[in-house]
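Read through the structure below, which is laid out as structure tokens, and then see the notes.
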Amino acid sequence: MNVPARLSCILLSLILLPTLASADPTLPAVFSDNMVLQRDKAVPVWGKADPGEKVTVEFAGQSLSATANDKGQWTVTLEKLKTNATGQELKVTGKSGQARSYKNVLVGEVWLCSGQSNMQWTLNRAMNGKAEIAAAKYPLIRLLSVKRTASVKALKNITGRWQPCTPKSAATFSAVGYFFGRHLHKELNVPIGLINSSWGGTRAEAWTKLGALQAQDSLAPLLKHWDKSINTYDVKVEKERFQKALTAWKYKLKSVKKGRRAPRKPRMRWDPALSYHRPGNLYNGMISPLIPFAIKGVVWYQGESNLGRAEQYKTIFPTMIKNWRQDWQQGDFSFYFVQLAPFRYKWGDPSICAELWEAQLFTMKTVKNTGMAVITDIGDHKDIHPKNKHDVGKRLALWALAKDYKKSDVVCSGPIYKAMEVRGNKVVLSFDLYGSKLKSRDGKALTNFKMAGADKKFYPAKARIVGATIEVECDQVPAPKSVRFGWKDTANPNLVNKEGLPASPFRTDQWPALTAGRHH
């Protein structure tokens, strides 16, 4: 390098040095232009800066300062914000004196939408998708999609940014999340922020902090299974296995006759430690980085990937909810979820799905501030991803409107089984009635009731509505011990309330579940 060139480099370094030494404070990507901040609740704002640097945050007439700790971390907490549908500016200033500005910021209701493929399912793939997309012009609804990320360690940031709801941004957003938010927006007339953090085919344990799972003794076999898989994985051995399998596949492929199905191509088994199925990995990559962003609550649609371990789900799912609430430190915020759609699931006995439904119902009954949208009437027995996401989102919104926004005229749930009483050869069922009364959706006799005696053999039973109860009887069962309702994966029973919301499947017995003892 010649002398003039060297002098130029030195001069450039001297010019840049002050700039590099006094970099502006940074905030995680959950803060961006077009975001919605939660109203009527303390709102944490946090980020990174040089250790010891004073950071000032200005928004909606508030000005708060904090000093970055020795790791460069800082947090301020805005006092409760009032609803604001006019775009405001949030400013963050460090020692450079130059403010980092976030524009077009609204204040309203923020909900996290999470789960697996039925939550991930985009609006452009939903029923009436084209028409819905064309109408998705809601500048006061804001959308944030979190990039799918699995991580062994808890991450500090996400990839994603807030966008106003337009036909373009809504098209690839969660359909359930969109319809949920749109219904709230129309009913409340306030800004709505929706965060979509979902991933198809995922299991509830992956969305749960590892430490929370480890605190549950009954989950020890599940975690030991993963430890064994991780400890015995050898990438060299796996590559050798894969190459042999690939060679065998290519050989078989040559002998496949025209018109016959080709054998499935083998896949490399990747390190289970990095898997998006591994307990804790999705919590680390897609939930932890959002904390403690202020939210109103969560809507959740997941369970298909835990179907074969339905009894275990009674522990995992409540554990996950409590874990999120504890780490967010914003109280027991509302958590509303979708009971799985009816579908001929490939788990052998068709009642295994009903056990997962029961686990979801158990969660609603035992974990406070939860609610469940029942969708047995809008599923598709031939498609695990039923296209009617509109009614799913609306039914979740009914829970929020009734419980969070105190809309006294809103009915949020269909009938929920309460108790049974044996009267001779009949069983009388009582319900927690969400709505004005029981009825048959199609005006026909009630369907999907079965009865068993002490021999545990179930037979189709006749059921009729008597006031606020249902009487059930069966000629084959003179001494009834149990009644089950909608107890199969393709059930589409017609028991609803007057408002048209379906009753949840249930059983009155506590006989051992088919999935009991399944740990992984």
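Following my numbering, the numbering of the sequence shown begins with 37 at its first residue and continues without gaps. For each residue, glycine too, the CB sits at the ideal point set by N, CA and C.
Looking at the secondary structure, which residues open and close the beta strand (DSSP E) in which residue i lies?
i	result
residue 409	406-409
residue 254	Residue 254 -> no beta strand (DSSP E), and no H or E assigned at all.
residue 122	120-129
residue 94	90-95
residue 474	474-476
residue 433	Looking at the DSSP string, residue 433 is not in any beta strand (DSSP E); the run it does join, the alpha helix (DSSP H), is 426-435.
residue 102	98-103
residue 532	531-533
Can you give me the Cβ contacts of residue i inside the same chain, cut-off strictly under 8 angstroms, excluding the 5 residues immediately before and after it?
i	result
residue 440	332, 333 and 370
residue 107	87
Would you tell me roughly how many angstroms separate the C-alpha atoms of residue i and residue j, rounded to the nearest one?
i	j	result
residue 543	residue 410	16 angstroms
residue 189	residue 282	33 angstroms
residue 500	residue 486	13 angstroms
residue 160	residue 166	7 angstroms
residue 267	residue 180	37 angstroms
residue 289	residue 295	12 angstroms
residue 153	residue 260	27 angstroms
residue 278	residue 186	23 angstroms
residue 230	residue 383	34 angstroms
residue 210	residue 156	5 angstroms
residue 353	residue 447	25 angstroms
residue 376	residue 337	8 angstroms
residue 271	residue 264	15 angstroms
residue 236	residue 502	43 angstroms
residue 204	residue 158	12 angstroms
residue 549	residue 392	10 angstroms
residue 361	residue 481	43 angstroms
residue 516	residue 394	21 angstroms
residue 291	residue 280	18 angstroms
residue 83	residue 95	16 angstroms
residue 400	residue 373	9 angstroms
residue 149	residue 547	35 angstroms
residue 437	residue 389	29 angstroms
residue 433	residue 128	34 angstroms
residue 558	residue 191	Because the chain spans 37 through 556 in this model, residue 558 falls outside it and cannot be assessed.
residue 177	residue 228	5 angstroms
residue 518	residue 470	24 angstroms
residue 245	residue 505	42 angstroms
residue 539	residue 431	13 angstroms
Give the DSSP bridge partners of residue i, in chain order.
i	result
residue 18	Since the first and last residues shown for the chain are 37 and 556, residue 18 lies out of range.
residue 403	The partner list for residue 403 (beta bridge, DSSP) is empty, contrary to what the question assumes.
residue 487	495 and 519
residue 191	Note: residue 191 sits in no beta bridge, so no partner.
residue 420	Beta-bridge pairing links residue 420 to no other residue.
residue 502	505
residue 111	82
residue 370	333
residue 468	452
residue 301	Paired residue(s): none; residue 301 is not in a bridge.
residue 296	Answer is none; residue 296 lacks a bridge partner.
residue 147	230 and 333
residue 459	462
residue 177	228
Within a Cβ cutoff of 6 angstroms, which residues of the same chain sit near residue i, ignoring the five residues on either side of it in sequence?
i	result
residue 71	141 and 198
residue 57	Any reading at residue 57 needs caution, since the residue's pLDDT is 44, under 50, leaving its predicted position unreliable; the model's value is listed next. There are no such residues.
residue 555	257 and 258
residue 552	347
residue 468	452 and 454
residue 572	The structure shown has nothing for residue 572, since the chain only spans 37 to 556.
residue 342	239, 240 and 349
residue 422	377, 415 and 416
Along the chain, where does the alpha helix (DSSP H) that runs through residue i open and close?
i	result
residue 184	Taken as a continuous stretch (DSSP letters only), residue 184 belongs to no alpha helix (DSSP H), as it is neither H nor E.
residue 363	346-364
residue 331	Note, residue 331: premise wrong, no alpha helix (DSSP H); not H, not E.
residue 153	153-156
residue 199	Unbroken run through residue 199 is the beta strand (DSSP E), 199-201; no alpha helix (DSSP H).
residue 62	No alpha helix (DSSP H) holds residue 62; DSSP gives it neither H nor E.
residue 273	271-290
residue 72	Per DSSP, residue 72 belongs to no alpha helix (DSSP H); it is in the beta strand (DSSP E), 72-74.
Only counting the same chain, and skipping five residues up and downstream in sequence, which positions put a Cβ closer than 7 angstroms to that of residue i?
i	result
residue 484	521, 522, 527 and 529
residue 250	259
residue 442	none
residue 234	149, 150, 151, 152, 155, 156 and 210
*asked:* For the region 307-315 against the region 117-133, do three or more pairs of beta-carbon atoms, one drawn from each stretch, fall closer than 8 angstroms, so that the two count as touching?
replied: no
*Could you say if the region 220-235 and the region 90-107 meet the contact criterion of at least three C-beta pairs nearer than 8 angstroms?*
no
*Would the region 357-368 and the region 502-518 be scored as touching if the rule is three or more Cβ pairs under 8 angstroms?*
no
*Touching or not, the region 294-310 and the region 112-129, by the rule of three or more beta carbon pairs under 8 angstroms?*
no
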